[in-house]
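Numbered by full-length UniProt numbering, the letters in the sequence shown go through residues 1 to 383 in order. Ideal Cβ positions, reconstructed from N, Cα and C, are used throughout, including at glycine. No experiment lies behind these values; they were computed from the predicted model shown.
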Amino acid sequence: MALSAGTRRTVACALVGLGALLIVAALMIPTYTLGQLAKTPLDLEITTIAPSDTNAPSKVLDIKSLSGTGAVKVNSNVHLISQRYLTVEDPSDKTEMTIQAGQTLRNIDAQGETGLLSAVIDRVTIDRKTGMPVEDDPNGSIAVNTDSNGNSIADPIQHDGLQYRFPIGTDKKTYPYFDINARKSFDMNFVEQTEINDLKVYHFQQKIPATDLSKVVSSTSNQVALPASKWGIPGGDTTVTMDRYYTNTRDVWVEPETGTIIKGSEQIHMYYARSGDKPDVTALQSTLVFDDNTVNSQIAIAKDNMDKISLYGRTLPIILGIVGAVLLIVGLVFGLRGGGSEKPGRLVRPKSPKGGEAAEARFGSGVNLNDQPTTQLKMPRNG
């Protein structure tokens, strides 16, 4: 059954309107929806585990030897493990988020509490898109000590670099990266683009020079005075004060689209010395690397966010744009053809009156033509 001209026009307008709406949606989704997705998620909850590299044996100072007889003792070939648990805390909103990271370093060869080498709780409020700390002062805190009840004591610390996330859309450039031991930022330099398990990543490296920790945190372990013989250096019973120094070479591999750190490693060296460039006694030396489970977990997190960004940033706009364009074209064609598609009506000519009908039409009804006077026409004669 053919559609009437009015119905066809209505359908055409509906198709054009729907097509235009889908095209507008295709243009707007990347601007607004993607803007919301291109942020660090607020439900972030990550555990990273980094055991010591067996190809680079670790060394740890035996703390008990500091108070015992004889020279201090450094244990070799120990097995360490670093564990970090990261969560999102308040205050957090649509633009900013507060990250709390509890990190421990343990000697797994030792038993119980004696195996705990360090514990720290770090908090920082960052921009959810750039990953950089907010400008509030202070924007974070670091807790390494506890009170008599075992509660952590947090020191307000101004953070000024990246830490746990890189920016959404990471570039191949140098970034400031904050170190919780030195409590300041050092350059994190781009090294190369590579792949981990077929995932494109950017490799960055940071080198932290010898840093005197006694000038960073006031602690009895950061400056120690012992007889020279205890330190194992010449001088007998002469008291020698040494400061604790810290160096590190940190490598991170980042998925650039989401800023997720896929893999990390640290070559830590802490030592006691009279001068930073001449280590006397090793306090801690180890190379810590994310284990395979951590790497795979980070890859899964990155891919999940990448899929969301791809869906709303590329796939969905393309589909909506194509469907919208097709509907728009169909609607226009349907409307243009609809105007002249109906066959023209048959022209009906009025019938000519016959006989009395003709006379009646000319002179009116009730007139008898035989009763009308006759007019005689006279023709002129020739000659």
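Taking a 10 Å sphere around the C-beta of GLY6, we find fewer than 16 other C-beta atoms and assign the residue as exposed. Two segments are said to touch when three or more pairs of C-beta atoms, one from each, lie closer than 8 Å; by this definition the segment 263 to 271 touches the segment 283 to 293. Nearest Cα to ALA154 within the set ARG165, ASP147 and ILE142: ILE142. For the pair LEU22 and VAL323, the CB atoms are nearer than the 8 Å cut-off.
Distance from the CA atom of SER52 to the CA atom of GLU266, rounded to whole angstroms, is 9 Å. Straight-line spacing of the CA atoms in VAL289 and LEU226 works out to 34 Å. From the listed residues PHE204, VAL88, THR239 and MET242, the smallest Cα separation to GLY259 is found for PHE204. Taking a C-beta distance under 8 Å as the contact criterion, PRO133 and HIS159 qualify as a contact pair. Only residues of its own chain outside the window of five on either side were considered, and among them LYS129, ILE168 and ILE309 have a CB closer than 7 Å to the CB of ALA38, listed in chain order. In the three-state scheme derived from DSSP, where H, G and I count as helix and E and B as strand, SER265 is classed as strand. Judged by their CB atoms, MET242 and ASP280 are nearer to each other than the 8 Å cut-off.
Taking ILE126 as reference, the option from TRP253, THR114, ILE299 and PRO91 with the minimal CA-CA separation is PRO91.
The residues ALA228, in chain order, have a CB closer than 7 Å to that of PRO234 in the same chain once the five nearest residues on each side in sequence are set aside.
No residue range can be given for SER218, since it is assigned to no beta strand (DSSP E) and is classified by DSSP as neither H nor E.
Assigned with DSSP and collapsed to three states, PHE334 falls in helix. About 18 Å separates the CB atoms of PHE190 and ASP179; that is not less than 8 Å, and the two are not in contact. In the DSSP assignment, ASP187 falls within the beta strand (DSSP E) that extends over 184 to 196.
Distance check between VAL144 and each of PRO138, SER152 and ASP137 places SER152 closest, using alpha-carbon atoms only. The beta-bridge partner set that DSSP reports for TYR85 consists of THR47 and GLY102. Within the model, the alpha-carbon separation for ASN75 versus THR239 is close to 24 Å. Contact between VAL124 and GLN163 holds, with the beta-carbon distance rounding to 6 Å and staying under 8 Å. ILE29 sits in a helix when the DSSP states are folded into three classes.
Among the bridge pairs identified by DSSP, ILE63 is matched with none. In terms of Cβ geometry, LEU320 and LEU15 do not form a close pair [threshold 8 Å]. Not a single unbroken stretch of the alpha helix (DSSP H) spanning 4 or more residues falls wholly within the segment 266 to 302. A check of alpha carbon separations from THR31 across TYR312, ASN197, GLN100 and ASN77 identifies TYR312 as the nearest.
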